[in-house]
Amino acid sequence: MSDSNIIATPKKSRKKQEKEATNDIVVKGARVHNLKDITVSFPRNKFIVVTGVSGSGKSSLTIDTLFAEGQRRYAESLSAYARQFMSRMVKPDIDYIKGLCPAIAIEQKVITRTPRSTVGSMTEIYDYLRLLFARAGKTISPVSGREVRKDDVADVINAIQKLPDGERVIILVPFRQHTKRDIREDLNILTQKGFSRLYISDQPERIEELLELNDQQLLEKLNAENQQPYILVDRIAKKAFDEDDIHRLSDSVGTAFYEGEGEMFLQIQGKETLHFSNKFELDGIQFEEPVPNLFSFNNPFGACPTCEGFSQVLGIDDDLVIPDRRLSIYEGAVAPWKGEKLGWWKEQFVKGAKAIDFPIHKPVADLTPAQYQLLWHGKGTVYGIHDFFKEVEQNLYKVQYRVLLSRYRGRTICHDCHGYRLRKEALYVKVGGKHIGELCQEQTRDLKQWFNNLSLSEHDQQVAKRILIEIHQRLQTLIDVGLGYLTLNRLANSLSGGESQRIQLTRSLGSNLTNSLYILDEPSIGLHSRDTERLIHVLKQLRDAGNTVVVVEHDELMMREADHIIDMGPLASHLGGEVIAAGNYDEIVSNSKSLTGKYLKGELEVSLPKVNRRYNRYIRVENARHNNLKDVTVEFPLNMLCVVSGVSGSGKTTLVKQILYPALKKLKGDFADKVGFHKAITGDVDYITQVELVDQNPIGKSSRSNPVTYIKAYDQIRDLFASQPLSKIRGFQPKHFSFNVDGGRCDACKGEGEQVVEMQFLADVHLTCEVCGGKKFKDEVLEVQYNGKSIYDVLELSVDDSIEFFKEEKTLAKALQPLQDVGLGYVKLGQSSDTLSGGEAQRVKLASFLGKGKASGHVLFVFDEPTTGLHFHDINKLLASFNALIEQGHSIIVIEHNTDVIKNADWIIDLGPEAGDAGGNLVFAGKPADLRKVKESYTAKFL
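The opening position of the sequence shown corresponds to residue 1404 in this note's numbering, with each subsequent residue numbered one higher.
If you want it as structure tokens, here you go:
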């Protein structure tokens, strides 16, 4: 910059620029994983997108450097006592980070596998609901439908003050004789307590005079006309009470409640008697007083005693008893009612059906809820399915009945709490006419509407004001991030990675933190482009609250809206780890080195197919009615790329993963989960030899599993090392080069390369093994080398390097080739499975199938959002892999939101138009070119 330029800059603005620059979060000399000693600054209080090809170092920079250092600094701030357990927390390999604020990372992992965790408990909405019901809920008696309430002293005084002046009021308490005492003894105790009169047959009687009667006369007097005798506590005439009168009244009423064990009566001038009770009971039932724990299914006090708060029990499974709901009772829908002996049950039900007005020729699926109940419970002399199983249970001493019962037992909704998870006392408490279980079964957007219309009394409004603000805010955020179709009782372990990440985002937004650093790993996963716009709005809210928001993302929409973009690259693994470009959207687009910029500008693009394949074989799903699907019939073409699209929650997963996939698995004789309700699967089912679901679940259960063991190439590497001269001299076999069995692996860490220190209330700390230095094997095994590299060195190679290294070993190089083809050339051979992202794990599975070639017959592959974690550049590789599978004669069905993949499809099935109840319809099925003409389709708008 020339001197003249310096003079031209006003002093004030220069100071401001310097202040802003010093305010940034600056990372200097980052060398974590593949980062090449980079220095990068993150502008504070901005919305920043970190992008780049898969494996270019985005997560290393954000999660493993920024977040890890934030965590370490938090640990440093703890007391010396707490720090002694964490003295060896590894510092990220950096020179320094300046200006770092408290960091919160929201990753894609499905954070919980427990069946107790629900959407409501994860977002904390359920905790606020519990508080709302405990403080503003009304307990309604199931007998009379009246509200159960406790009376206190103030209620009684209010009742007296409402009377007209001059009315005479008598305060009475029932006189109860003690079982172990004589009646005279009871009366003497009353006089000692200061009471002087009883009230018998509407007349006051002096206790002293009663004691002068003989026993016979006394009993006759007390039981006169079989009326309850009362103790007269006080008499008062209604007038304008002063403060002393109120005190006297309060004393008398308090005494009455104490003496009457919670019960007392007011008799008004012989006209009417008012009953008051400070016990929480009505209609002869003692109710539980509402407290927050009464509504918690994770607490023994509130959980349903039958299912212990799990909502399911082991019982008679409806789906096993009636496996095919398309059949009517007459056609034999009830599976156990067959055969010579047990067929009697069906006959008696058919004969009695007319008397109970039951349609025996109607398919079970079309029965009304009342008719379905009749089938199970029967009526009068017509016996239902429950009666049948009662008889079976009475005969369990016979082995054939035990076998019969075991055949129809499975997980079923708890019959006591009906799946609400709570004890029945909790469900008597209502707000706005609904109990807490009913609210948890509503979709969040309907629940928000219900709360908008909720009207409470003035007192309850005051009590619930703060609670309602929190509930409204969290529900609105759930809707804003595109999850308005979820219910609060949806199990956390049934959510996808993207859904679970957006739920964590809702929780973070609800906590209203400011001046923090939020790091999100691809929050747009599983989101239709329509919902991504809403998500960006939520992230900007987070930024506007005074936070720095860093998002690892490939979505073009996100980049356009970002304040600052950091582009990592140029390629993956050892060819990446550098900052290629940094700046706003326009600066990235105009940067000639940026691969991302070239795609955004249109210089490079995801290539479209020259011609669409034609199909002559298909599989048809008929009348799918599971979850929100509305009687949909769809054809899935074979030998081509078929994409299922639609907004989040429109029914894609239900159709493909809960109906088509398990139904085909069962038709092929394999084990599968419960199949969602549909009429039939028809078409060319026999043409397919097997069905494979390639999802984003981790590829290995153990931390020792890695890509090279998954694709079965490690066996060849072990054989190669076992055949080296030094191995033969020392008697090493292939097992000595395995870290899964004892022999060659390090005994201290059992081949893990690290030791885990459990931290109790803090995250576990992973430390490099001191014995083997993280090399996983014993020294004598590491001395065996092939081309100058030990087994540890080979596992440290990337896939790209290893193919070059093993070029002499043709079969081994060929076995590793599919990993490179699916764009995983940057992954190390020995990289632990649990460090792979969901998208990477999915592509490792894809590589294992590519490696098998044509030997495996005609396979139908089902992919669930395979573009997760993929840059535009990698989508090209993925599509090439898909085409390679189709060329081998396989068929592919993909659930996807990415517009590049949708454009490349041979056939599109678009569901919707909205999510939840407003979805579940077939909006379009056909070629991509024809979809653009469909006005109702949200997918069409973004194509």
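All residues carry an ideal CB built from backbone N, CA and C; glycine is no exception. Predicted model only: the values in this text are computed from it and were never measured.
Sorted by chain position, which residues of the same chain lie with C-beta nearer than 6 Å to G2177's C-beta, five sequence neighbours on each side aside?
For G2177, where only same-chain residues beyond five positions count, the Cβ hits under 6 Å are G2156 and T2171.
Is DSSP giving K2077 helix, strand or coil here?
coil
Spatial neighbours of A2343 within its chain, please: C-beta separation below 6 Å, excluding the five flanking residues on both sides.
Exclusion of the five residues before and after A2343 leaves L2334, R2335 and V2337 as the residues of its chain whose Cβ lies within less than 6 Å of its Cβ.
Short check: CB of V2202 to CB of L2215, under 7 Å?
no
Would you identify the three-state DSSP class for W1853, choosing helix, strand or coil?
helix
If we ignore side chains and look at the alpha-carbon of each, how far apart do Y2064 and I1500 end up?
49 Å
Identify whether D1588 lies in helix, strand or coil by the three-state DSSP scheme.
It should be pointed out that residue 1588 corresponds to Glu in this sequence rather than to Asp. Of the three classes helix, strand and coil, the one that applies to E1588 here is helix, per DSSP.
Considering D2333, what are the terminal residues of the alpha helix (DSSP H) in which it resides?
P2331 to L2334
State the start and end residues of the unbroken beta strand (DSSP E) segment that holds W2310.
W2310 to G2315
What is the DSSP secondary structure of V1435, reduced to helix, strand or coil?
coil
Throw me the rounded Cβ distance for the R1728 and F2080 pair, which I believe falls under 8 Å.
6 Å
Do L1960 and T1935 have their C-beta atoms closer together than 7 Å?
Cβ atoms of L1960 and T1935: closer than 7 Å.
Could you name the residues of the same chain whose beta carbon sits closer than 8 Å to that of T2056, not counting the 5 residues immediately before and after it, in chain order?
S1899, D2267 and I2298
Which partner residues does S1680 have in the DSSP bridge list?
E1666
Could you spell out the range, first to last residue, of the alpha helix (DSSP H) harbouring N1561?
V1556 to Q1564
Select from T1526, A2308 and L1669 the residue whose C-alpha is nearest the C-alpha of N1561.
L1669
Mind reading off the beta-carbon distance from W1747 to C2045? Whole number of angstroms is fine, and I expect it under 8 Å.
W1747 to C2045, Cβ: 49 Å. No contact.
Between which two residues does the beta strand (DSSP E) containing I1497 stretch?
Element bounds for I1497: n/a, residue is neither H nor E.
Pop quiz: L1859 and A1539 are said to be a contact at Cβ under 8 Å. What is the actual Cβ separation, rounded to whole angstroms?
6 Å
Stretch pair the region 1814 to 1832 + the region 1783 to 1800: three plus CB contacts closer than 8 Å:
no
Pick helix, strand or coil for G1986, following the three-state DSSP scheme.
Three-state result, G1986: strand.
May I ask you to list the residues that DSSP assigns as paired with R1812?
I1719
Pull up the CB-CB distance for K2060 and L2096, whole angstroms please, since I reckon it's below 8 Å.
7 Å
What is the DSSP secondary structure of V2326, reduced to helix, strand or coil?
strand
Rounded straight-line distance, which links the Cα of G2292 to that of E1510
Each residue's alpha carbon lies about 37 Å from the other.
Counting along the chain, where does the alpha helix (DSSP H) carrying G2000 start and finish?
First-last of the alpha helix (DSSP H) with G2000: L1998 to K2004.
Since I believe K2069 is in contact with V2078 (beta carbons under 8 Å), could you give me their beta-carbon distance rounded to a whole number of angstroms?
6 Å
C-beta atoms of F1698 and A1706 nearer than 7 Å
no
Do the region 1946 to 1966 and the region 1913 to 1933 make contact, defined as three or more Cβ pairs closer than 8 Å?
yes
Using beta-carbon positions only, say whether N1436 and S1463 come within less than 7 Å of one another.
The sequence shown places His at residue 1436, rather than the Asn named in the question. Yes, they are a contact pair.
Once you ignore the five residues that flank D1883 on each side, which residues in its own chain have a CB closer than 6 Å to its CB?
R1937 and V1941
Given this structure, state the Cα-to-Cα distance separating L1930 from E1964, to the nearest angstrom.
16 Å
According to DSSP, which residues form a beta bridge with A2083?
When beta bridges are read from the DSSP output, A2083 appears opposite E2025.
Whole angstroms is fine: what's the gap from E1588's alpha carbon to L1614's?
10 Å
Comparing alpha-carbon positions, which option in A1471, E1479, D1496 and F1445 lies nearest R1434?
D1496
Alpha helix (DSSP H) segment containing R2133, residue limits:
P2128 to R2133
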